[in-house]
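**Q** Converting from the sequence shown to this note's numbering requires adding 1 to each position, the first position being numbered 1. Glycine included, every Cβ here is placed at the ideal spot set by N, Cα and C. None of these values were measured; they are calculated from a predicted model.
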Amino acid sequence: MRKKPATHRVAVLALPTVVAFDLTIATQVFGHEGHGRYAMTVCALDGGSVTTTTDGLKLSVAATLDALDDADTVIVPGFRRGPAPSRALQALRQAHRRGARIASICTGAFALAQAGLLDGRRATTHWAHADALADEHPRVFVDANALYVDEGEVITSAGLAAGLDMCLYLVGRDHGQAAAIQRARHMVTPLHRAGGQAQFIPVGVPDEDDELAGVITWASSNLHRPITVADLARQGVMSSRTLHRAFQSRFRMSPRAWLIQQRLRAACTLLENGGTTIDEVARRTGLGTATNLRAHFQRAFATTPTAYRRAFTP
Numbered sequence: 002m003r004k005k006p007a008t009h010r011v012a013v014l015a016l017p018t019v020v021a022f023d024l025t026i027a028t029q030v031f032g033h034e035g036h037g038r039y040a041m042t043v044c045a046l047d048g049g050s051v052t053t054t055t056d057g058l059k060l061s062v063a064a065t066l067d068a069l070d071d072a073d074t075v076i077v078p079g080f081r082r083g084p085a086p087s088r089a090l091q092a093l094r095q096a097h098r099r100g101a102r103i104a105s106i107c108t109g110a111f112a113l114a115q116a117g118l119l120d121g122r123r124a125t126t127h128w129a130h131a132d133a134l135a136d137e138h139p140r141v142f143v144d145a146n147a148l149y150v151d152e153g154e155v156i157t158s159a160g161l162a163a164g165l166d167m168c169l170y171l172v173g174r175d176h177g178q179a180a181a182i183q184r185a186r187h188m189v190t191p192l193h194r195a196g197g198q199a200q201f202i203p204v205g206v207p208d209e210d211d212e213l214a215g216v217i218t219w220a221s222s223n224l225h226r227p228i229t230v231a232d233l234a235r236q237g238v239m240s241s242r243t244l245h246r247a248f249q250s251r252f253r254m255s256p257r258a259w260l261i262q263q264r265l266r267a268a269c270t271l272l273e274n275g276g277t278t279i280d281e282v283a284r285r286t287g288l289g290t291a292t293n294l295r296a297h298f299q300r301a302f303a304t305t306p307t308a309y310r311r312a313f314t315p
């Protein structure tokens, strides 16, 4: 008889002043998983009341730092930047030394860095705080673009929705992609994005004076067509080199990467609406063939178009 795997213990450490949204992401993914795979505990320094970044909202937490003693995974949500309590840093170090997986959401990465857990590693945080993390911790290789970075026993994510991506990724890493899709569907959220995708740095809607306005508008209306970087440059009346610099500045990615991202977004919409064959989805989004669509989908989302459609259509 096959032995049932042990329940994975997750401790979510609420540091003062915690970002409530980040904390609830972890509690929703792991605390309401519904299949007995995880046992989730929210803890604080000494338990009791914990302040949050939301005015008028405080949390009452029963568990203390002792919850880290036997946790398999410790997640540090974002908190108001500043020195984390020394006892919390020591508890994180001890958990890491005994083999616990340590993860952070948003500015939670600063606590991991202060504990020395990110030294010599790649890490990410919310794009607005990436420069500060790099300046304060020069031994950390900060990737300001990534949604999340998996360094094995230490995982960091960017802010807010990227924390959800990371948590769903951890479910997939622990129990397979089907479990991650199942959890995403239950939470009525799209499948998690791959960590290497760029953070959605706010750029606003391009106005008439924006050098990329015409390029973006034209490309978005012509995704069904084959489009080259040279085509985009002609629409912008600029050289390919200038276009590349403009896209790196605005989107933190190349024109080609941006175009693929737009095609995949359009593909997801078609798949979610149903009634369109995979071949037709590939054709209408400019990805050409079903084989090409599957390859890009696997690279971006670690799943297939068919599995995505099955998860997100009634």
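1. Would arginine 184 pass as a contact of valine 13 if the rule is Cβ separation under 8 angstroms?
2. I need the DSSP call for arginine 81, collapsed to helix, strand or coil.
3. Express the C-alpha separation of valine 143 and alanine 135 in angstroms, rounding to a whole number.
4. Could you tell me the alpha carbon to alpha carbon distance between proline 65 and alanine 89, rounded to whole angstroms?
5. Assign threonine 157 to one of two classes, buried (16 or more other C-beta atoms within 10 Å of its C-beta) or exposed (fewer than that).
6. Looking only at its own chain, which residues have a Cβ that is under 6 angstroms from the Cβ of tryptophan 219, when we skip the five neighbours before and after it?
7. What residues in its chain sit with their C-beta under 7 angstroms from that of arginine 311, if we drop five residues either side in the sequence?
8. Quick one: what's got a C-beta closer than 8 angstroms to glutamine 249's C-beta in the same chain, skipping five residues either side?
9. Would you kindly report the start and end of the unbroken alpha helix (DSSP H) that includes glycine 177?
10. Alanine 85 to cysteine 107, Cα distance in whole Å?
11. Which ranges does the alpha helix (DSSP H) cover as unbroken runs of at least 4 residues, wholly within the region 255–295, from first to last along the chain?
12. Inspect the beta-carbon positions of valine 141 and aspartate 166 and report whether they are closer than 8 angstroms.
13. Report yes or no: do the region 168–186 and the region 111–130 share at least 3 C-beta pairs separated by less than 8 angstroms?
14. Spell out the partners DSSP gives leucine 14 in its beta bridges.
15. Identify, in the order they occur along the chain, each residue of the same chain with its Cβ nearer than 7 angstroms to the Cβ of methionine 41, setting aside the five sequence neighbours on each side.
16. Thinking alanine 268 and leucine 294 are a contact (beta carbons under 8 angstroms), I'd like their distance in whole angstroms, please.
17. Check the DSSP bridge columns for valine 51 and list the partner residues they point to.
18. With a 10 Å radius around its C-beta and 16 neighbouring C-beta atoms as the bar for buried, classify proline 139 as buried or exposed.
19. Return the Cβ separation of arginine 253 and glycine 287 in integer angstroms, given the expectation that the two are a contact with Cβ distance under 8 angstroms.
20. Restricting to Cα atoms, I'd like to know which of Asp67, Glu34 and Asp132 is closest to valine 43.
21. I'd like to know whether the C-beta atoms of alanine 390 and threonine 126 end up nearer to each other than 8 angstroms.
22. Pick out whichever of Phe80, Ala114, Ala72 and Arg246 has its Cα sitting closest to the Cα of leucine 213.
**A** Answer, in terms of the structure:
1. no
2. coil
3. 6 angstroms
4. In the sequence on display, residue 65 carries threonine and not proline. Using only the alpha carbons, I get a separation of about 10 angstroms.
5. buried
6. Gln236
7. none
8. Ser255
9. Careful: glycine 177 lies outside any alpha helix (DSSP H) and carries neither H nor E.
10. 14 angstroms
11. 256–274 and 279–285
12. no
13. no
14. Cys44
15. Val11, Val13, Thr28, Phe31 and Gly32
16. 6 angstroms
17. Leu60
18. exposed
19. With 8 angstroms as the limit, arginine 253 and glycine 287 do not qualify as a contact, their Cβ atoms being about 22 angstroms apart.
20. Asp67
21. Absent from the structure is residue 390, since the part of the chain shown begins at 2 and ends at 315.
22. Arg246
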